[in-house]
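Line by line, the protein sequences give chains A and B.
The number in the working numbering is simply the position in the first sequence, starting from 1, with 2 added.
The number in the working numbering is simply the position in the second sequence, starting from 1, with 86 added.
For glycine and all other residues, C-beta sits at the position ideal for the given N, C-alpha and C.
Keep in mind it's a predicted model, so treat the numbers as computed, not measured.
All remarks here apply to the structure that follows.
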Amino acid sequence: MSEVSSAVAAPPLAGAAIDHPAARVLIGRHRWRWWEALPWIAALAFYFAFPDYLGFGTQLLVGILFALALDLALGYAGIITLGHAAFFGTGAYTVGLLAFHGIWSEPISGLLLAAAAAAVVGLASGLVLLRTKGLTLLMLTICTMALLQEGANMAHDFTGGFDGLPSLDIAPVLGMFEFNPLYANTQYLYTLAVLWLCFLFVRTLVYSPFGQSLTGIRENMLRMHAVGAPVRRRLVICYVISAAIAGIAGGLWAQTNAYVNLSALDLDRSATVLIILILGGYGRLYGAFIGAVAYMALEHFLARIYPTAWQLELGLLLVLVALFARNGILGLGEGLWRRYHIRSGS
Amino acid sequence: MDFGINFASILLGGLAAGTVLFIISVGLSVTMGLMGFVNLAHGAFAMFGGYVIVLAMNRAQLGFGVALALGFLVTAALSVGLERLLYRRLYRAGELDQVLFTIGLIFIFIAGITLAVGPESQPISLPAALRGQLNLGFVQYRTYSVFLIVVGLLIVAGIWLAFERTRIGAQIRATVDNRRMAESLGINVDRLFTITFAFGSGIAALGGGLGAEFLGLDPQYALKYLVYFLIAVSVGGLGSVVGVYLASLLLGTLDFVLKLYLPQGGTIFIYALTILLLLWRPQGLLGRKEA
């Protein structure tokens, strides 16, 4: 609720009011904090410290980007969806089809094409889906995704159907740095750079008046209608942007793995990214980072050894998070931080 | 003449598949309508019940009817426990937390059953009376399919009567309409939730057992058919028993026909149809418009 009022009260700040503590908090909200450099330092450190795990690291970064895209739609605008793999898959298949049929293999413009294709799908579906809410919305997002997956399966001659498109030929980044399937150095740095740019964009967006109005819609749609905000248009725009970023994530996935298959459009993928986001904490910029690291590291090391035990632990973890840590790992951390500060302050 | 016989047998097969879908999904529809709880783990209860029934028959050599009753009771008891301990805490939480929690439960069920019984599919052997063909006068058809259709009709009629003619049914309808008002009238909504939840899970368990013959029964069951259960419920309309019945029959028949004539990617029509139906009536075929 407080965020709604801040969204409404933020613009008309007169000079005299700037000294007010509340005003200072509002103005300083979007400033960079020192700890915001930590994830990027960690990502660079990972590059030098674990050269053998760069393939896994690349997938981790793609996972973060996908979760970040979902966070925009689900965490900030409150659009409950289990079908975000539709956009991931659209991006992946855009890159995959263009490369496989020898039409276009330049990676950076390929990502832009992937984003554009996913945005078109997001716009077309968003215009219709976002009229609904609750279970109906959830079902429509799942069905849209399933429709695309079945479509990709049926268009066997173009998409390779169930087998997908193997060994894509992707041109070197900037014409210099080649993707080497054995050593993922280029893939890792390239993905990290794309993630960083997308993150800057999302961060700016979230702290803009537009982002604030999204939070307002999530918290109280009726009130946002009442103050005259164009609710539906904002939701659709947010959905399209989120779809485009998910498309970039999918494109990266296809480029760095050099293959595409139907798993890009799977319900599993949607569910996994949702789990990652909620595990980390949704509606927070860094929830995607924490969630992806926690989930994918556990999966990477546990699932290979004991798949069933991994599933059991994942289930228990999800139940515990849903019951006791509603705001994810980040929310848990924030709570501890606040408790510590209150105690040391008094 | 040939066409008529073909048509009849396709219709019967589709109706049987739809009936199983209905028996599994109806509990989900009622509990979702009543509590507004997005229970994705409903299919896991059906799976659990199916395992109890099939194992009771295969390992303990119980009869089909006894096994069904046992499956109903054990699953209902399990769901009462889970409802009292866990679900209850999340009634007021957001949809996201409910989705996360129930996905977690699905994983626990899948892993638990894999560990306890094994990852392989469990075969079911039907009693002799239900095997073979039945002469319906105009067409010969599998006895079991006819049996399923009849059981489905009995369950629809039973639930409808319970809703319309019993005190608990009236209380459930009142709570779906206006929960606060129902509570102020002295209806014990908590107890009502528990009873409905247990009953819905029990019926789903019957569906798991009855459908094991052609849906199969392996630990991935709860995830594999999840989308179908959800489509049946959302197209039928939350809280509407007859709506879910119609939607399930439609979905089952369509799926049956498409698998027969368009084995490659025929399901695309099911998703397309679902999208169109939900856009036309977002509250489902027979669901009530939200106030």
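In the structure shown, the three-state DSSP call for Y331 of chain B is helix.
For M118 of chain B, the residues of chain A that pass the 9 Å Cβ criterion are L137, in the order they occur in the chain. A324 of chain A reaches chain B at L176, D183, L186, F187, G190, counting residues in chain order whose Cβ is nearer than 7 Å. By the rule that beta-carbons nearer than 8 Å mark a contact, T200 of chain B touches chain A. The bridge partners DSSP lists for R228 of chain B are B:Q219. Interface annotation, V262 of chain B: not in contact with chain A, CB-CB separation never under 8 Å. Scanning its chain for C-beta atoms nearer than 7 Å, with the 5 sequence neighbours on each side dropped, one finds around G333 of chain A the residues G283, A327, in chain order. Contact annotation for G98 of chain A against chain B: no contact, minimum CB-CB distance about 19 Å [criterion: below 9 Å].
Against chain B, the CB of G317 of chain A has a partner CB under 8 Å away; the residue lies at that interface.
In this structure, Y190 of chain A sits near G59 of chain A, with a CB-CB distance shorter than 8 Å. Rounded to whole angstroms, M143 of chain B and A130 of chain B show a C-alpha spacing of 20 Å.
When Cβ pairs closer than 8 Å are counted between the two stretches, the stretch 130-144 of chain A is seen not to touch the stretch 247-254 of chain A, the count staying below three. Taking the Cβ atoms as the reference, V106 of chain B lies roughly 15 Å from L332 of chain B, outside the contact range of under 8 Å. With contacts defined as CB atoms closer than 8 Å, Y311 of chain B and L324 of chain B fail to qualify as a contacting pair. For the stretch 195-226 of chain B, the set of residues with a beta-carbon nearer than 9 Å to any beta-carbon of chain A comprises F195, I196, A197, G198, T200, L201, P205, in chain order. At a cut-off of 8 Å between beta-carbon atoms, Q313 of chain A makes contact with chain B. By DSSP's assignment, F179 of chain A forms a beta bridge with A:V175.
Contact check for F203 of chain A and P41 of chain A: beta-carbon distance about 16 Å, past the 8 Å limit, so the pair fails to qualify. Three or more Cβ pairs closer than 8 Å define a contact, and the stretch 314-329 of chain A falls short of that threshold against the stretch 253-267 of chain B. With a minimum length of 4 residues, the unbroken runs of alpha helix (DSSP H) contained wholly in the stretch 121-148 of chain B fall at 128-144. Taking 8 Å as the cut-off, the beta carbon of L70 of chain A is found no closer than this to the beta carbon of I354 of chain B.
Within 9 Å of the CB of I277 of chain A, the CB atoms of chain B belong to L186, I189, G190, in sequence order along the chain. Against S320 of chain B, the close residues of chain A are L137, T138, L140, M141, L142, in the order they occur along the chain (beta-carbon pairs closer than 9 Å). Secondary structure at L132 of chain A: coil, using DSSP grouped into helix, strand and coil. A check of alpha carbon separations from G104 of chain A across A:D165, A:A173, A:L279 identifies A:A173 as the nearest. Here the alpha carbon of I66 of chain A sits roughly 27 Å from the alpha carbon of E152 of chain A. DSSP places L97 of chain B in the helix class (H, G or I) of the three-state scheme. Note that the C-beta distance between L63 of chain A and L194 of chain A is below 8 Å. Annotation: T138 of chain A to A25 of chain A spans about 40 Å, alpha carbon to alpha carbon.
Taking 8 Å as the CB threshold, A130 of chain B stays off the interface with chain A. By the C-beta density criterion, F303 of chain A is exposed, having fewer than 16 other C-beta atoms within 10 angstroms. Listed along chain B are I189, each with a C-beta nearer than 7 Å to that of A273 of chain A.
Residue pairing of L167 of chain A in beta bridges, as defined by DSSP: A:V262. Neighbours of T310 of chain A across chain B, judged by C-beta separation under 7 Å: A197, T200, L201. Across the structure, I280 of chain A and L182 of chain B are spaced so that their CA atoms are roughly 8 Å apart.
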